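Residue numbers (my numbering): 23 to 241.
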């Protein structure tokens with residue numbers, strides 16, 4: 023059997039992936055996208071992170087469908103399969119980013135699957151520990167399920183503070199329990215990088231009750 027992508031974890035084979043169809047409902051347009059993702063059967067395996075479409079990513083995508091993205095530059099950090107970015111049709115530029123090579127290849131596969139619907143999406147390798155190497159600024163920085171490891175919170179928030187435009191907005195959707203694991207580091211970084219932050223519990227008695235939405239802007 024052959025493995026999916028050079029450098030891919032030996033846990034996953036080509037047949038472990040599938041392509042799912044998702045209908046996107048933006049304000050003025052509905053369209054279909056195709057997402058290559060691991061089967062949900064692997065959700066309890068650590069290496070599935072970044073290689074699977076998670077609930078938080080779908081919730082983020084739904085939020086972006088209601089944002090005015092026309093003419094905007096959008097960066098998704100820790101994007102994994104990049105679903106939320108493909109919900110931003112009409113944006114001037116859409117950049118999906120991650121760090122591991124096999125996840126970047128997965129992003130590229132999804133870009134290829136959707137190029138006829140959203141042709142202006144690109145994938146880049148983004149190292150949160152070396153963000154000073156970049157000079158671009160973005161109107162939106164988005165992410166989901168990216169608060170889970172304490173050591174990554176500070177470099178993530180530095181990345182947001184460095185790459186977000188003055189009047190830009192960062193939207194993050196995250197599982198509550200994973201966020202609580204690094205809550206102190208989150209507030210320390212907000213203060214350190216002089217950011218303004220609003221936490222919105224998604225607790226309206228629906229499927230979103232275990233998620234928070236974070237709205238982060240520059241001071």
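The C-beta atom is built at its ideal place from N, Cα and C for all residues, glycine as well. Quick caveat, the model's predicted, so the values are computed rather than measured.
message: Less than 8 Å between the beta carbons of residue 105 and residue 75, yes or no?
response: yes
query: Taking DSSP as the reference, what is the three-state secondary structure of residue 104?
result: coil
task: Whole angstroms is fine: what's the gap from residue 100's alpha carbon to residue 155's?
output: 17 Å
message: Which residue marks the beginning of the beta strand (DSSP E) containing residue 119, and which one marks its end?
response: 115-120
message: Does residue 209 pass the burial test, meaning 16 or more other C-beta atoms within 10 Å, or should it be called exposed?
response: exposed
- prompt: Along the chain, which unbroken stretches of the beta strand (DSSP E) at least 3 residues long are found entirely within the region 170-218?
  reply: 186-197
query: Excluding sequence positions up to five away, which residues of its chain have a Cβ less than 8 Å from the Cβ of residue 143?
result: 104, 107, 108, 116, 117, 118, 133, 136 and 137
query: In three-state DSSP terms, what is residue 138?
result: coil
Length of the line joining the Cα atoms of residue 222 and residue 199: 15 Å
message: Please report the straight-line C-alpha distance between residue 162 and residue 38, rounded to a whole angstrom.
response: 33 Å
- prompt: Which two residues bound the contiguous beta strand (DSSP E) that contains residue 54?
  reply: 52-60
query: Taking just the CA atoms, how far does residue 234 sit from residue 197?
result: 6 Å
Neighbourhood of residue 46 by C-beta distance below 8 Å, restricted to the same chain and skipping five residues each side: 52, 53, 54, 55, 83, 87, 108, 109 and 111
task: Kindly list the residues whose CB is nearer than 6 Å to the CB of residue 16, restricted to its own chain and excluding five residues on each side of it in sequence; keep chain order.
output: The structure shown does not extend to residue 16, since the chain is modelled only from 23 through 241, so no value can be given for it.
- prompt: According to the Cβ coordinates, are residue 166 and residue 89 closer than 8 Å?
  reply: no
message: In this structure, how does DSSP classify residue 97 when only helix, strand and coil are distinguished?
response: strand
- request: May I have the straight-line CA-CA distance separating residue 191 from residue 202, to the nearest angstrom?
  value: 23 Å
Residue 143 in three-state terms, based on DSSP: strand
- prompt: Are there 16 or more other CB atoms within 10 angstroms of the CB of residue 102, so buried, or fewer, so exposed?
  reply: buried
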